[in-house]
Structure formats: C-alpha cells, structure tokens
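Engineer: In the working numbering, the protein residues as written are 567 to 901. Note that beta-carbon positions come from the ideal geometry of N, C-alpha and C, so glycine has one too. Below is one structure. I have some questions about it.
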Amino acid sequence: MKKVLVFTFIIAVLALPVMARGNQEKADEQLVWVWYPNESTPEFADARRAIIEVAEEALGQPIKEQLTTDYAIAIEALANENAAFSWLGGEGYVQAHSKEAAILPLVVNTGSSGTLADAKYYSMLGTLIENDDQYKTNGKYNLDNLRQKRFSFVSNSSTSGFRVPSSIIKSHFNVEAEDLLEGGPNMVFSEVMFGGSHQGSFFNVLTGKADLGAFCNSCVKDYIEWVDGSYDDPAPGDVIRVIANADAPFDQVPGKEVVLVATVPVLNAPIVMNTNLLDEEQIEALKEAFTSDATAANERIFAPKGVDYKALFHAGQRFATVDDNWYDPIRALAK
C-alpha cells in the first residue's frame, strides 16, 4: 500500500510541470476575433480595429483578426475554439450557442436612446423600382406576388437576411423554412440564391440577377441614400438609391434605385465571446471596457452623422450587456 501511494505521488509530481506548461501555453495563445463577410471588406478595416482595440486594452494583450467570406466559417471558428470573439447576428449567435453553450453575448449595441428599448435594426425586402407594381395587388404590397420570383437571401445563418424574412414568407405560404432554400416550379420561388453577405444580396437585386432580395438597413447604409422614407424607420414603399461615390462593387451601379416591399424590425446583433477561452476576471474587464462612457464616446466606433469614414455604429448608441435569453425571440422564429 505504501509503495502504491509513493508511486502515485511521484506520478503526480512529474505531471505538475506538464500541466503547468499546458496551462501556460493556453494563456500564451493569441486570442482571435473572427468577422462575418459583411464586416470583412476593406472599407471597414479601421472600424474593426477600433473595436478590437477596446478588447486588447481590457485584456492587456494583442488580438488577431480573422476575415471570412462565409457566415459558417465564423460560427465554426467560435464553436471550435479557434476564435474567442465575433460580432454575429442574432440567428448566427443562436446557432453558435447551440453548438457550444460557452458562446455567450458580451455586449450589444443599444438604439439611439442609449437603451435596449430601441436596440433594433430592419430586415428589408427590396426590388428594382421599375418592378414595383409587380408586387402590388389593388395598390398594396402583397406577399402572394413573391411566388415564382428569383429571390436572394444572404446566408441561412443570417438573421435579417434569412431567418426573419423566411419566417414571414413560410407563414404566408404555409411552408417550412427549408422549402425556401431552393427554387423550382413547385416551390415558392423559381430560383433561390445566397449573396454571402448583405452587400452581396443587395447587389444581386441591383444587377437584376434576383427579382427580389433580403438585406438589412444598417448593412447597406454606407452605399445608399434614402430618396423616400427614412433609415431609422423604413417602411414598404420607401425608395433607396446607390450613391455616386459608393465603394466597390456598388460603384458599378451608381444611381440605381430600389423600392422596399416589406420591412421587419430585428433585435440588434451581439458581440459574442467563447467563455472557454476567457476567465471570469477577463470577462468582467471586457464588459466594463465595452460599456464604458469612454467607449461610447469613441467616434471610430460610434460615428457622428456626416463623417467621411465608415463605422459599424452611430453616435447616440452605446454598448450594453444582455443575457442569452434576450435572443429567445430569434429562437422562436425557427419553430
């Protein structure tokens, strides 16, 4: 018995340096922030860096940036612990959390009131203005007229580019969301395509590749101006126009106009974290840094109106903490 105890003690002592080295290696690993395709474009480089800097200062360590061309890549990177942070839509967050329960919201941007009361943006369905009458019945927009059109979603991991519009469409036509993933003569749409980003879906509409497409107001705001209606409260019948100096690929279609045939409010997207890669002290430091007045006043993150650079949020907003159950309404859309 004594020999067994001695042997066990020796093994435990020998294992200590290995365990310590493993813990140190994990601590020394550089954390990664993975971005969706929408924010991976060159024009958002400084906006991305400004947000990452808040996390770097809170943690006292550098964070590596990973850009993507597919929503699924970002979600899998988080779930597989290849990334610690991302800015996901509500649907992307719900999918990521279902894969790994340690993925949780860090913060979400508020509305212009500075509170969660108006923490929303809009999912919009749009078509070229010359096709406007095709979607009306007796002068009013009618979803019946979507049947057998060529439709562009963003990604099936997108909230405002898939989950929200598909929920409305499936209810109207009494089908399942899966029935909207492909087109055909016996399907709702004649053809279904995925833009890969909100910009891509919007561009499919602008070029006539799709008759109708889904995209969000905050995702295309830097490329358009409102001719009729407003960014803050978009409604069916609003008209948006591509600005003359828009970044690529929208520089190919300056002046093109799109009319909105449907709009739906959506819960703001969370900045998320994989808590398996962070300790409690780090998580608290991150929450304190992101919700601080200093961050709210950072004009590279929350840009004032009329600036000539691109930011992901606008002045008047700030970051606030939310729990996982704040996104239960998004989960309900999948049922």
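For residue 644, which residues from the same chain have a beta carbon less than 6 angstroms from its beta carbon, with the 5 sequence-adjacent residues on both sides left out?
Structural biologist: For the purposes of this step, residue 644 is taken as residue 78 along the sequence shown, with counting starting at 1. Excluding positions up to five away in sequence, the list reads 652, 662, 669, 840.
Engineer: Going by other Cβ atoms of all chains shown within 10 Å of its Cβ, with 16 needed for buried, is residue 715 buried or exposed?
Structural biologist: Taking the first residue of the sequence shown as 1, we reach residue 715 at position 149. Answer is buried; the Cβ neighbour count reaches 16.
Engineer: Per DSSP, what are the beta-bridge partners of residue 648 in this structure?
Structural biologist: Your numbering for residue 648 matches position 82 in the sequence shown. In the DSSP output, where bridge partners are listed per residue, residue 648 has none listed.
Engineer: Within 10 angstroms of its Cβ, does residue 569 collect 16 or more other Cβ (buried), or is it exposed?
Structural biologist: By 1-based counting over the sequence shown, the position of residue 569 is 3. Here residue 569 scores only 47 on pLDDT, less than 50, and its place in the model is too uncertain to base an answer on.
Engineer: DSSP on residue 816, reduced to helix/strand/coil?
Structural biologist: To locate residue 816, count along the sequence shown from 1; it is residue 250. Note: residue 816 maps to helix in three-state DSSP.
Engineer: Mind checking whether residue 607 and residue 874 have CB atoms under 9 angstroms apart?
Structural biologist: Counted from its first residue, the sequence shown places residue 607 at position 41. Counted from its first residue, the sequence shown places residue 874 at position 308. No, they are not a contact pair.
Engineer: With residue 851 as the anchor, note down where its alpha helix (DSSP H) starts and where it stops.
Structural biologist: Stepping through the sequence shown from its first residue, residue 851 is reached at position 285. First-last of the alpha helix (DSSP H) with residue 851: 846-856.
Engineer: What's the call for residue 854, buried or exposed, on a 16-neighbour Cβ count within 10 Å?
Structural biologist: As a first step, residue 854 must be located in the sequence shown, where it is residue number 288. Exposed is the call here.
Engineer: Distance check for residue 834 and residue 828, CA to CA, integer angstroms please.
Structural biologist: Residue 828 sits at position 262 when you count from the first residue of the sequence shown. Residue 834 sits at position 268 when you count from the first residue of the sequence shown. Whole-angstrom Cα-Cα distance: 19 angstroms.
Engineer: Would you tell me roughly how many angstroms separate the C-alpha atoms of residue 682 and residue 879, rounded to the nearest one?
Structural biologist: For this step, residue 682 is matched to residue 116 along the sequence shown. For this step, residue 879 is matched to residue 313 along the sequence shown. Approximately 14 angstroms, taken between the alpha carbons.
Engineer: Evaluate the contact criterion for the segment 865-873 versus the segment 680-697: three or more CB pairs, one atom per stretch, below 8 angstroms.
Structural biologist: No, the segment 865-873 is not in contact with the segment 680-697.
Engineer: Do residue 759 and residue 775 count as a contact pair if the criterion is CB distance below 9 angstroms?
Structural biologist: What you label residue 775 is simply residue 209 of the sequence shown in a count that begins at 1. What you label residue 759 is simply residue 193 of the sequence shown in a count that begins at 1. In this structure, residue 759 lies closer than 9 angstroms to residue 775 by Cβ.
Engineer: Identify the residues that DSSP records as bridge partners of residue 880: which are they?
Structural biologist: Residue mapping note: residue 880 aligns to position 314 of the sequence shown, counting from 1. Answer by DSSP bridge pairing, in chain order: 869.
Engineer: Figure out for me which residue from 737, 666, 655 has the closest Cα to the Cα of residue 675.
Structural biologist: On the sequence shown, position 109 is the one that residue 675 refers to. Checked all of 737, 666, 655; the closest Cα to residue 675 is 655.
Engineer: Figure out for me which residue from 777, 807, 802 has the closest Cα to the Cα of residue 787.
Structural biologist: For this step, residue 787 is matched to residue 221 along the sequence shown. Comparing Cα-Cα distances from residue 787 to each of 777, 807, 802, the minimum goes to 807.
Engineer: Is it the case that the segment 633-643 contacts the segment 717-725, given that we only count it when at least three CB pairs across the two stretches are under 8 angstroms?
Structural biologist: The answer is yes - the segment 633-643 touches the segment 717-725, with three or more Cβ pairs under 8 angstroms.
Engineer: How close, in whole Å, do the beta carbons of residue 597 and residue 852 come, if the pair is a contact with beta carbons under 8 angstroms?
Structural biologist: Working through the sequence shown from its first residue, we reach residue 597 at position 31. Working through the sequence shown from its first residue, we reach residue 852 at position 286. That pair is no contact at about 11 angstroms.
Engineer: Classify residue 742: buried if its beta carbon has 16 or more other beta carbons within 10 angstroms, exposed otherwise.
Structural biologist: The sequence position of residue 742 within the sequence shown is 176, counting from 1. Residue 742 comes out exposed.
Engineer: In three-state terms, what does DSSP make of residue 639?
Structural biologist: To locate residue 639, count along the sequence shown from 1; it is residue 73. Residue 639 falls in the helix class under three-state DSSP.
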